[in-house]
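Participant: The numbers in this note's numbering rise by one with no breaks, and the one at position 16 of the sequence shown is 19. In this text, a Cβ means the ideal position worked out from N, Cα and C, and glycines have one as well. The structure displayed is predicted, hence computed values, not measured ones.
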Amino acid sequence: MYENSIKILGAYGTKAKGFGTTSFMLDAATVIDAGNLLNALAENSLHVEYIYLTHSHLDHIAYIVDNYFLQRRKTLHIIGLPQTIQALKKHFFNDIIWPDFSKIPLEGSEEMSIRYRDVHCNERYTLNNKTTIMPIETDHTVPSCGYIYKVNNKGVLITADTLSLENIINRLNNDREIKSLVIECSFPSSMEKLARVSKHLTPKLLFKALQKLQRDDIRLYINHIKPSYLKEITEEIEEFGRNFRPIILKDGDFINF
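1) How many whole angstroms separate the CB atoms of H80 and R127, which I take to be in contact at a CB cut-off of 8 Å?
2) Starting from N176, follow the alpha helix (DSSP H) in both directions and report where the run begins and ends.
3) At 4 residues or longer, and completely inside the segment 126-211: list those alpha helix (DSSP H) runs for me, N to C.
4) Quick one: measure Cβ to Cβ for P191 and E239, integer angstroms, because I've assumed they're closer than 8 Å.
5) Shortest alpha-carbon distance to G13 belongs to which of I236, Q217, H227?
6) Under 7 Å Cβ to Cβ from V122, same chain only, skipping five residues before and after it: list those, please.
7) Does R118 come out as helix, strand or coil in the three-state DSSP assignment?
8) Are there three or more Cβ pairs, one per stretch, closer than 8 Å when the segment 167-185 is compared with the segment 55-70?
9) With a threshold of 8 Å, are at least 3 pairs of Cβ atoms found where one atom belongs to the segment 137-153 and the other to the segment 37-52?
10) Excluding the five sequence neighbours on either side, which residues of its own chain have a C-beta within less than 6 Å of the C-beta of F257, listed in chain order?
11) Within 10 angstroms of the Cβ of E114, are there 16 or more other Cβ atoms? Answer buried if so, exposed if not.
12) Which of the three DSSP states is assigned to L213 in this structure?
13) Starting from the Cα of L56, find the closest Cα among M28, R222, G23, Y232 and give me that residue.
14) Between which two residues does the alpha helix (DSSP H) harbouring D62 extend?
15) Residues in its own chain within less than 6 Å of N131 by CB, not counting five upstream and five downstream?
16) Pull up the distance between the alpha-carbon of K196 and that of Q74, whole angstroms please.
17) Which residues in the same chain have their Cβ closer than 7 Å to the Cβ of E110, if we skip the five residues on either side of it in sequence?
18) E187: which of A163, K207, S201 sits nearest, CA to CA?
19) Output the boundary residues of the beta strand (DSSP E) element that contains K229.
20) For D36, tell me which candidate among L204, D219, L223, G23 has the shortest Cα-Cα distance.
21) Give the straight-line distance between the Cα atoms of R179 and L168, rounded to the nearest whole angstrom.
22) Since G38 contacts A65 with CB under 8 Å, what's their CB separation in whole angstroms?
23) What residue range does the beta strand (DSSP E) around L94 cover?
24) Quick one: what's R222 bridged to in DSSP?
25) Determine the direct distance from the alpha carbon of A32 to that of R76, and round the result to whole angstroms.
26) Whole angstroms are fine: how far does the CA of K106 sit from the CA of I236?
27) Who does T33 pair with in a DSSP beta bridge?
This is how it looks when you write it as structure tokens:
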């Protein structure tokens, strides 16, 4: 991977054969969301140390703990909004659905297998001397955020699941360092009612909202398509979004920014 690139471990909105759910690899140790870590990385998932979560829905957290977990030698840091962390503690790592690994030491160590860390929207967090990450509020059915990830003052904005794009577009219009946008598009336009209720986008909703974008230098990438509607949504993206020259992401793709 190059410095200003991200690997797409999972690009889709539903798990299906040959389709992984949402996960972005920033570097060997850091990912945003955990929808497809095991299938994409296999034993290399052992090297992931930091998972930044956008929200608590299953397609974004499914592979936080995988078949290689007991072989880990470093603590896994799960990072997200306070509400997301609380949801994981209460509903997932609760010794009922899955063991509470925050109370289980690593093999041969006194360090716990998992540690949690809260982040807050609009606060910038430094990963190293070249790299920062900032959560920004998004519009979904549970508390959620996207992330602005920057390397050497060049950035990509990953929305994750959202309906409203007002905050996203304001960020893009006011931050010229953001060069790329990864945005969801889950349902065909014929399913707008379901999209609105579940707080997702359709091609028609997406490109209508993007008319407020005051820039023509943004690379537009689309993810989180439901595989059942891939053909229909792809055709609609080509119809409604031709002026934006969007790229539909697949598992294994790279984003350069």
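Facilitator: If we stick to the structure as given:
1) Actually they are not in contact, since the Cβ atoms of H80 and R127 sit about 18 Å apart, beyond 8 Å.
2) 169-177
3) 169-177, 195-201
4) 6 Å
5) H227
6) I82, G83, L84, Y128, P138
7) strand
8) no
9) no
10) S8, K10
11) exposed
12) helix
13) M28
14) 61-64
15) none
16) 45 Å
17) L73
18) A163
19) Segment: none, K229 is in no beta strand (DSSP E) and carries neither H nor E.
20) G23
21) 17 Å
22) 6 Å
23) Inspection of the sequence shows that residue 94 is occupied by His rather than by Leu. Where H94 is concerned, there is no enclosing beta strand (DSSP E), although the alpha helix (DSSP H) it sits in stretches over 85-94.
24) S183
25) 13 Å
26) 44 Å
27) D30, Y53
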